[in-house]
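A.B. asks:
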Amino acid sequence: MPHITGIGWIFTEKKEATPITRFLWMGFSIYIDHILKTIARHCEVLFCVGKSIADKYGKFAKKAFTYANFLHTENDVVKEVRSLCVRPPYKLLYVGELEERKGVEYLIKAIVLLRKSGIDTELTIVGAGSLEKKLRDIAESEGLSQYIEFSGYIQHGKKLMDIYRFSDIFVLPSISSEGTPKVLMEAMSQGIPVIATNVGSSKHLLADGKYGILAEPKDVESLKTAIESLINDSDLRSNLVAEGLKLALSSTSDSQKMIVKNGLSENIPEIMGKPTYLSRIGQARY
Numbered sequence: 556m557p558h559i560t561g562i563g564w565i566f567t568e569k570k571e572a573t574p575i576t577r578f579l580w581m582g583f584s585i586y587i588d589h590i591l592k593t594i595a596r597h598c599e600v601l602f603c604v605g606k607s608i609a610d611k612y613g614k615f616a617k618k619a620f621t622y623a624n625f626l627h628t629e630n631d632v633v634k635e636v637r638s639l640c641v642r643p644p645y646k647l648l649y650v651g652e653l654e655e656r657k658g659v660e661y662l663i664k665a666i667v668l669l670r671k672s673g674i675d676t677e678l679t680i681v682g683a684g685s686l687e688k689k690l691r692d693i694a695e696s697e698g699l700s701q702y703i704e705f706s707g708y709i710q711h712g713k714k715l716m717d718i719y720r721f722s723d724i725f726v727l728p729s730i731s732s733e734g735t736p737k738v739l740m741e742a743m744s745q746g747i748p749v750i751a752t753n754v755g756s757s758k759h760l761l762a763d764g765k766y767g768i769l770a771e772p773k774d775v776e777s778l779k780t781a782i783e784s785l786i787n788d789s790d791l792r793s794n795l796v797a798e799g800l801k802l803a804l805s806s807t808s809d810s811q812k813m814i815v816k817n818g819l820s821e822n823i824p825e826i827m828g829k830p831t832y833l834s835r836i837g838q839a840r841y
């Protein structure tokens with residue numbers, strides 16, 4: 556707890572977009588923001604998952620560090636990249652929760668536009684969530700059932716990495732703030748180009764287009780255009796894959812652990828030499 560140790564973590568401002576949670580979030584967002592800022596102010600050291608969170612709360616702490624909870628190791632990063640988008644059908648992939656904030660509905664509608672324009676695409680959806688039935692119904696109503704595979708939840712490991720590796724393009728169509736999405740880095744580590752929407756720390760992770768293409772959230776046409784550009788431009792694909800592999804190698808789980816380890820080791824002497832927040836409260840009261 557930051558008020559006891561002087562060390563804090565802010566992982567994400569996750570907002571589940573169900574009707575009740577939307578209502579609750581509207582009512583409590585100001586209060587929650589105040590709490591997070593208060594936590595940050597009482598931290599000697601604050602660790603933030605993602606640059607967007609660090610930009611918002613890091614300035615209130617004595618010192619702030621940005622890191623990501625990536626799971627891949629150096630050995631997980633592929634050494635050889637297979638040829639991508641060689642022939643149709645082009646295989647698209649989404650990995651993540653099936654919740655409204657993830658925007659999967661917009662990706663399915665982008666597939667509709669792509670197929671109507673003559674681009675033979677298929678989509679694999681890996682994940683589970685409350686919207687699975689709705690998404691299946693959308694796929695069926697659009698006549699896409701044979702082109703969209705719902706694979707369910709698959710835990711991190713070889714099976715999931717194989718699914719990444721044998722896809723052509725990874726798409727993360729989120730419509731609200733993300734921390735630093737592990738799935739983007741997992742996809743890059745397996746040598747496939749990525750598309751994400753311009754929300755949260757996704758835009759920072761992709762460095763405004765250096766490591767992947769940014770589309771606009773809730774914009775089906777923007778997603779379609781981004782997918783088309785990767786299918787049609789082999790130089791763009793190759794460049795993004797090469798840059799993504801470099802980023803994956805420099806952003807392994809060990810490298811992220813070192814950020815935390817160094818941040819703690821450099822500042823623990825200072826933290827331990829100061830009274831805790833609770834002791835300061837006690838002194839003020841008594």
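Final position of the sequence shown in the numbering used here is 841; the numbers increase by one with none missing.
The beta-carbon is built from N, C-alpha and C at its ideal position, and this holds for glycine as well.
Could you check the C-alpha separation between Leu727 and Ser784 for me, to the nearest Å?
C.D. replies: Sequence index remark: in the sequence shown, residue 727 carries index 172 (1-based). Sequence index remark: in the sequence shown, residue 784 carries index 229 (1-based). Their Cα atoms are separated by approximately 16 Å.
A.B. asks: With a threshold of 8 Å between beta carbons, is Thr735 in contact with chain C?
C.D. replies: Any reference to chain C falls outside this structure, which holds one protein chain only.
A.B. asks: Please list the terminal residues of the continuous beta strand (DSSP E) segment that includes Tyr649.
C.D. replies: Indexing the sequence shown from 1 puts residue 649 at position 94. First-last of the beta strand (DSSP E) with Tyr649: 645-650.
A.B. asks: How long is the line joining the alpha carbons of Tyr702 and Gly764, rounded to whole angstroms?
C.D. replies: As a first step, residue 702 is located in the sequence shown; it is residue number 147 there, counting from the start. As a first step, residue 764 is located in the sequence shown; it is residue number 209 there, counting from the start. Tyr702 and Gly764: Cα-Cα distance of roughly 28 Å.
A.B. asks: Of all the options Glu821, Ile768, Ser805, Ser756, which has the alpha carbon lying nearest to the alpha carbon of Val848?
C.D. replies: Outside the shown range of the chain, which is 556 to 841, sits residue 848, and nothing can be said about it.
A.B. asks: Measure the alpha-carbon distance for Glu635 versus Glu629 and round it to whole angstroms.
C.D. replies: For this step, residue 635 is matched to residue 80 along the sequence shown. For this step, residue 629 is matched to residue 74 along the sequence shown. The straight-line gap from Cα to Cα measures roughly 14 Å.
A.B. asks: Starting from Ile724, follow its DSSP beta bridges and name the residues at the other end.
C.D. replies: For the purposes of this step, residue 724 is taken as the residue at position 169 of the sequence shown. The partner list for Ile724 (beta bridge, DSSP) reads Leu647.
A.B. asks: Mark Pro644 as exposed unless 16 or more other C-beta atoms lie within 10 angstroms of its C-beta, in which case mark it buried.
C.D. replies: Mapped onto the sequence shown, residue 644 falls at position 89. The residue in question, Pro644, is exposed, as its Cβ has fewer than 16 Cβ neighbours within 10 Å.
A.B. asks: In whole angstroms, what is the alpha-carbon distance linking Ile730 and Pro772?
C.D. replies: As a working mapping, residue 730 is identified with position 175 in the sequence shown. As a working mapping, residue 772 is identified with position 217 in the sequence shown. Rounded to the nearest angstrom, the two C-alpha atoms are 5 Å apart.
A.B. asks: Among Glu776, Phe721, Gly651, Ala694, which residue has its Cα nearest to the Cα of Ala665?
C.D. replies: Position 110 of the sequence shown, counting from 1, holds the residue named residue 665. When each option's Cα is compared against that of Ala665, the closest is Glu776.
A.B. asks: Quick check on this structure: which residue in Asp790, Arg720, Thr807 has the alpha carbon closest to the alpha carbon of Lys646?
C.D. replies: Along the sequence shown, one-based indexing puts residue 646 at 91. Residue Arg720 is the option with its Cα nearest to Lys646.
A.B. asks: What distance in whole Å lies between the Cβ atoms of Ile750 and Val796, which are believed to be in contact at a cut-off of 8 Å?
C.D. replies: Residue 796 sits at position 241 when you count from the first residue of the sequence shown. Residue 750 sits at position 195 when you count from the first residue of the sequence shown. In fact, because the Cβ distance is near 13 Å, the residues do not count as touching under 8 Å.
A.B. asks: Can Ser722 and Val754 be called in contact, C-beta distance under 8 Å?
C.D. replies: Counting from one through the sequence shown, the residue named residue 722 turns up at place 167. Counting from one through the sequence shown, the residue named residue 754 turns up at place 199. The answer is no: Cβ separation not under 8 Å.
A.B. asks: Using DSSP with H/G/I as helix, E/B as strand and the rest coil, what is Phe615?
C.D. replies: In the sequence shown, residue 615 corresponds to position 60, counting from 1. It is helical.
A.B. asks: Rounded to whole angstroms, what's the CA-CA distance from Ser793 to Thr780? Just pull it up for me.
C.D. replies: Counted from its first residue, the sequence shown places residue 793 at position 238. Counted from its first residue, the sequence shown places residue 780 at position 225. One C-alpha to the other measures close to 18 Å.
A.B. asks: Any idea what DSSP makes of Val754, helix, strand or coil?
C.D. replies: Taking the sequence shown and counting its residues from 1, the one referred to as residue 754 is at position 199. If DSSP states are grouped into helix, strand and coil, Val754 belongs with coil.
A.B. asks: Please report the Cβ distance between Glu660 and Leu690, rounded to the nearest whole angstrom; I am assuming they are in contact, meaning their Cβ atoms lie under 8 Å.
C.D. replies: Within the sequence shown, residue 660 is the residue found at index 105, counting from 1. Within the sequence shown, residue 690 is the residue found at index 135, counting from 1. About 6 Å separates the two Cβ atoms, so the contact holds.
A.B. asks: Between which two residues does the beta strand (DSSP E) holding Leu601 run?
C.D. replies: Translated into positions along the sequence shown, residue 601 becomes position 46. Here the beta strand (DSSP E) through Leu601 covers 600-604.
A.B. asks: What does the Cβ neighbour count give for Ile565, buried or exposed, with the cut at 16 atoms within 10 Å?
C.D. replies: On the sequence shown, residue 565 is found 10 positions in, with the first residue counted as 1. Because the pLDDT of Ile565 is 49, which lies under 50, any placement of that residue in the model is unreliable, and the number read from its coordinates should be weighed accordingly. Label assigned to Ile565: buried.
A.B. asks: Let me check understanding here. Comparing Cα to Cα, which of Ile724, Ile585, Val738, Asp631 lies closest to Lys713?
C.D. replies: Numbered from its first residue, the sequence shown carries residue 713 at position 158. Comparing Cα positions, the closest option is Asp631.
A.B. asks: Which word fits Gly651, buried or exposed, when buried means at least 16 other C-beta atoms lie within 10 angstroms of its C-beta?
C.D. replies: Numbered from its first residue, the sequence shown carries residue 651 at position 96. Gly651 is buried by the Cβ-count criterion.
A.B. asks: Spatial neighbours of Leu669 within its chain, please: C-beta separation below 8 Å, excluding the five flanking residues on both sides.
C.D. replies: In the sequence shown, counting from the first residue as 1, residue 669 sits at position 114. If we look at Leu669 and ignore the five residues flanking it on each side, its Cβ neighbours are Thr676, Lys779, Ile782, Glu783.
A.B. asks: Would you please state the rounded distance, in angstroms, between the beta carbons of Phe620 and Ala595? I believe it to be under 8 Å.
C.D. replies: Against the sequence shown, residue 620 aligns to sequence position 65. Against the sequence shown, residue 595 aligns to sequence position 40. Phe620 to Ala595, Cβ: 12 Å. No contact.
A.B. asks: Could you pull out every unbroken alpha helix (DSSP H) segment of at least 4 residues lying fully inside the segment 672-754, listed in chain order?
C.D. replies: Counting whole runs of 4 or more residues, the segment 672-754 contains the alpha helix (DSSP H) stretches 687-696, 713-720, 737-744.
A.B. asks: Per DSSP, what are the beta-bridge partners of Ala770 in this structure?
C.D. replies: Residue numbering aside, residue 770 sits at position 215 when the sequence shown is read from its first letter. According to DSSP, Ala770 bridges with Thr752.
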